[in-house]
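These notes are about the structure you will find just below.
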Amino acid sequence: MNPTVARLTVRGLLGRRRGLLLLVVPALLLAVSALAAAAHGDEQSLTVKILGELDLGTLVPILGLVVGTGVIATEIDDGSIVYLLAKPLPRWRIVTTKLVVAIGTTWAFAAVPTLFAGLLLYGTRDGLALGYTVAVLVAGAAYSALFLLLGVVTRHAVVAGLGYALVWEALVGNYVDGARTLSIQQWGRAVAQSVAGESAIGSAVPLGTAVPLLLIVTVASTVLASVKLAGLTLTADE
Amino acid sequence: MSLPPETGSADTGVIHDIGYRGYRGPRLGRGHATRALFTQSLRAAYGLGRSGKAKVLPMLVLAATTLPAAIVVAFALTTKLDDLGVEYAGYLSSVGMLVWIFLAAQAPVLLSRDLRHHTVPLYFSRPITRGDYVRAKFAAMFCAQFLLMAAPLLVLYAGALLGGMDVGDNTEHALYGLAAALLYALVPTSVALAIAGFTPRRGFGVAAIMGYLAVSAAVAAVAVGITRGTDSADAAQWTALISPDGLVESLVNELFDLGGGLDRRHAPGGVGTAVFALVAVALVAGSYRLLLRRYEKI
Numbered sequence: 003m004n005p006t007v008a009r010l011t012v013r014g015l016l017g018r019r020r021g022l023l024l025l026v027v028p029a030l031l032l033a034v035s036a037l038a039a040a041a042h043g044d045e046q047s048l049t050v051k052i053l054g055e056l057d058l059g060t061l062v063p064i065l066g067l068v069v070g071t072g073v074i075a076t077e078i079d080d081g082s083i084v085y086l087l088a089k090p091l092p093r094w095r096i097v098t099t100k101l102v103v104a105i106g107t108t109w110a111f112a113a114v115p116t117l118f119a120g121l122l123l124y125g126t127r128d129g130l131a132l133g134y135t136v137a138v139l140v141a142g143a144a145y146s147a148l149f150l151l152l153g154v155v156t157r158h159a160v161v162a163g164l165g166y167a168l169v170w171e172a173l174v175g176n177y178v179d180g181a182r183t184l185s186i187q188q189w190g191r192a193v194a195q196s197v198a199g200e201s202a203i204g205s206a207v208p209l210g211t212a213v214p215l216l217l218i219v220t221v222a223s224t225v226l227a228s229v230k231l232a233g234l235t236l237t238a239d240e
Numbered sequence: 061m062s063l064p065p066e067t068g069s070a071d072t073g074v075i076h077d078i079g080y081r082g083y084r085g086p087r088l089g090r091g092h093a094t095r096a097l098f099t100q101s102l103r104a105a106y107g108l109g110r111s112g113k114a115k116v117l118p119m120l121v122l123a124a125t126t127l128p129a130a131i132v133v134a135f136a137l138t139t140k141l142d143d144l145g146v147e148y149a150g151y152l153s154s155v156g157m158l159v160w161i162f163l164a165a166q167a168p169v170l171l172s173r174d175l176r177h178h179t180v181p182l183y184f185s186r187p188i189t190r191g192d193y194v195r196a197k198f199a200a201m202f203c204a205q206f207l208l209m210a211a212p213l214l215v216l217y218a219g220a221l222l223g224g225m226d227v228g229d230n231t232e233h234a235l236y237g238l239a240a241a242l243l244y245a246l247v248p249t250s251v252a253l254a255i256a257g258f259t260p261r262r263g264f265g266v267a268a269i270m271g272y273l274a275v276s277a278a279v280a281a282v283a284v285g286i287t288r289g290t291d292s293a294d295a296a297q298w299t300a301l302i303s304p305d306g307l308v309e310s311l312v313n314e315l316f317d318l319g320g321g322l323d324r325r326h327a328p329g330g331v332g333t334a335v336f337a338l339v340a341v342a343l344v345a346g347s348y349r350l351l352l353r354r355y356e357k358i
């Protein structure tokens with residue numbers, strides 16, 4: 003952690019009205035939850051649908067993508083990263099600082115609203131709210147680390163990240179069962195399921211697989227990003 | 061200011077005529093420049109005439125949208141089916157996510173880069189006007205998207221004809237599919253271009269477009285999903301209005317009476333169809349106007 007780098011990163015990520023744009027995500031989740039809470043129907047499946055599909059399935063990956071690439075890829079893109087790299091700071095510390103900011107932002111903008119949405123929808127019954135909140139915490143951290151790595155290795159980080167989050171996790175995962183084993187979303191669901199102890203959440207991966215994989219992805223992404231940042235070559239756009 | 065040292069008397073300077081000539085060939089004018097910008101932008105959308113790296117993503121998406129169609133055709137032909145088993149318009153909505161990725165990745169390629177590298181003023185120092193620029197870019201992105209969706213439709217249609225399936229029925233449904241492709245290429249594209257026009261940073265533009273398309277579609281899908289089978293199911297269909305993609309899908313399904321099942325997205329009733337159509341027109345016209353306004357003061 004380096005407080006100056008952290009401060010600059012936060013300003014780059016949330017300054018100049020960009021923070022307001024990110025606020026759309028929690029606002030949307032809470033608005034949908036409030037509307038759904040007013041509607042009648044099977045409350046449990048409603049909660050699973052909103053928190054599982056909308057929140058964990060769509061909003062968290064997209065937020066993780068915007069935040070994870072936003073903390074470093076934009077700086078690499080416009081070349082201002084060289085001023086940071088020229089400072090006598092170990093590169094791994096730059097990466098970890100930016101990762102901490104990314105994870106913190108993802109948690110603030112996704113996990114906290116998830117808890118509120120869960121309480122709004124289903125109260126504290128079955129531990130659904132808590133389960134999904136923990137799932138969003140771990141999945142948000144893993145997404146942040148993975149997308150930060152993408153931001154360092156490729157100039158097309160956002161597209162590559164979208165390819166993973168939407169095509170692999172959502173599209174391929176829908177048809178191919180094996181693809182779900184390698185999906186952060188499913189690992190998150192496994193965690194949610196074991197925290198809530200509720201089988202309605204439905205995860206395709208056992209907890210024993212999910213937790214090590216989550217840890218491996220997060221740590222390996224961070225290490226790899228540090229290594230890649232240590233030997234970063236700035237290239238022009240195309 | 062110090063003067064350069066005197067090296068010789070002033071009368072030794074000579075002006076040589078080294079034969080510079082002005083351009084005297086034909087001037088092709090504004091229309092030609094606009095068309096050239098259109099062709100260049102359309103080619104750029106597919107990475108043609110760019111580096112190999114720029115071709116990877118568009119070609120990958122084109123392959124990914126067309127290959128399943130080829131597989132469907134191959135399957136139908138080898139098992140001698142008398143029906144493709146796939147609805148043309150439905151095929152487009154099932155590969156919709158790939159089309160979004162193309163759109164999100166390439167719309168900023170057409171607009172954001174010119175803004176970021178300040179090349180827009182260079183365009184406007186030529187005969188083309190701001191309106192021409194917007195029109196050319198808009199048309200280019202529309203055509204790129206339309207071609208992307210027309211390719212799998214063509215594969216499906218050709219396969220159906222080769223397999224000796226009902227020509228009339230297939231032609232009718234292929235035309236529905238083409239109409240759907242036209243709408244998909246108009247409505248989401250215009251919104252995406254409007255977003256790209258306001259984001260000089262390419263990465264941010266990609267994320268903003270994709271975020272808008274994916275989040276609005278997810279909200280609409282969840283709203284339809286959670287009301288399935290209840291009496292507010294029809295009311296939930298109105299949420300498609302927030303998602304350009306859902307809007308087109310609902311409109312097409314209702315207009316051509318396609319799709320089925322509980323998850324069918326459709327414009328609710330006659331009023332709904334009219335409202336959906338109006339919103340689609342308003343989205344396209346509004347985005348276009350917004351882009352024109354954006355380029356008014358550059």
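Order-wise, the sequence lines are chains X and Z. Going by this note's numbering, the residue at position 26 of the first sequence is 28; the numbering climbs one at a time, nothing skipped. Going by this note's numbering, the residue at position 188 of the second sequence is 248; the numbering climbs one at a time, nothing skipped. Note that CB positions come from ideal geometry on N, CA and C, so glycine has one too. All figures in this text were calculated on a predicted structure; none of them were measured in a lab.
{"Asked": "Contacts that X:D79 makes with chain Z (C-beta to C-beta distance below 8 Å)", "Found": "R261, R262 and G263"}
{"Asked": "Cβ separation of X:V219 and X:L148, assumed to be a contact under 8 Å, to the nearest whole Å", "Found": "6 Å"}
{"Asked": "Where the segment 76-90 of chain Z meets chain X: residues whose CB sits under 7 Å from a CB there", "Found": "none"}
{"Asked": "Beta-carbon gap between X:V138 and X:A113 smaller than 8 Å", "Found": "yes"}
{"Asked": "Separation of Z:A220 from X:E171, as counted between CA atoms", "Found": "32 Å"}
{"Asked": "Spatial neighbours of X:S205 in its chain, beta-carbon cut-off 7 Å, leaving aside the 5 residues before and after", "Found": "Q188, R191, A192 and Q195"}
{"Asked": "Close Cβ partners of Z:Y106 (< 6 Å) along its chain, the five nearest in sequence each way excluded", "Found": "P118"}
{"Asked": "Short CB-CB distance (under 8 Å) between X:T71 and chain Z", "Found": "yes"}
{"Asked": "8 Å Cβ cutoff, X:A181 in contact with chain Z", "Found": "no"}
{"Asked": "Residue of Z:Y148, Z:S172 and Z:G346 minimising C-alpha distance to Z:N230", "Found": "Z:Y148"}
{"Asked": "Residues of its chain near X:E240, where Cβ-Cβ distance is below 7 Å and the 5 sequence neighbours each way are ignored", "Found": "Confidence is the limiting factor: at X:E240 the pLDDT is only 47, short of 50, which leaves the residue's position unreliable, though a coordinate-based value still follows. So the list is empty, once near-sequence residues are dropped."}
{"Asked": "Beta-carbon proximity of X:A88 to X:G133, cut-off 8 Å", "Found": "no"}
{"Asked": "Z:F258 - containing alpha helix (DSSP H), residue span", "Found": "Per DSSP, Z:F258 belongs to no alpha helix (DSSP H) and is neither H nor E."}
{"Asked": "Supposed contact pair Z:A340 and Z:V308 - C-beta distance, whole angstroms, cut 8 Å", "Found": "7 Å"}
{"Asked": "Cβ of Z:V275 within 8 Å of any chain X Cβ", "Found": "yes"}
{"Asked": "Any chain Z beta carbon closer than 8 Å to X:I64", "Found": "yes"}
{"Asked": "9 Å Cβ cut-off: residues of chain X touching Z:M270", "Found": "I64, L67, V160, V161, L164 and L168"}
{"Asked": "Contained beta strand (DSSP E) runs [length at least 3] in the segment 155-219 of chain X, N- to C-terminal order", "Found": "none"}
{"Asked": "Length of the line joining the Cα atoms of Z:T333 and Z:A267", "Found": "31 Å"}
{"Asked": "Under 9 Å from the C-beta of Z:A267: neighbouring residues of chain X", "Found": "I64, L67, V68, T71, G72, V160, G163 and L164"}
{"Asked": "For X:N4, the three-state DSSP class (helix, strand or coil)", "Found": "coil"}
{"Asked": "Span of the alpha helix (DSSP H) around Z:L130", "Found": "Before going on, a small fix: residue 130 of chain Z reads as Ala here, not Leu. Run containing Z:A130: G112 to T138, per the alpha helix (DSSP H) assignment."}
{"Asked": "Residue closest to Z:A278, alpha-carbon to alpha-carbon, out of X:Y145, X:L209, X:I83 and X:E55", "Found": "X:E55"}
{"Asked": "Own chain partners of Z:A283 with C-beta closer than 8 Å, once the 5 adjacent residues on each side are dropped", "Found": "A296 and T299"}
{"Asked": "Any chain X beta carbon closer than 8 Å to Z:M157", "Found": "yes"}
{"Asked": "Cα-Cα separation, Z:R354 to Z:F258", "Found": "8 Å"}
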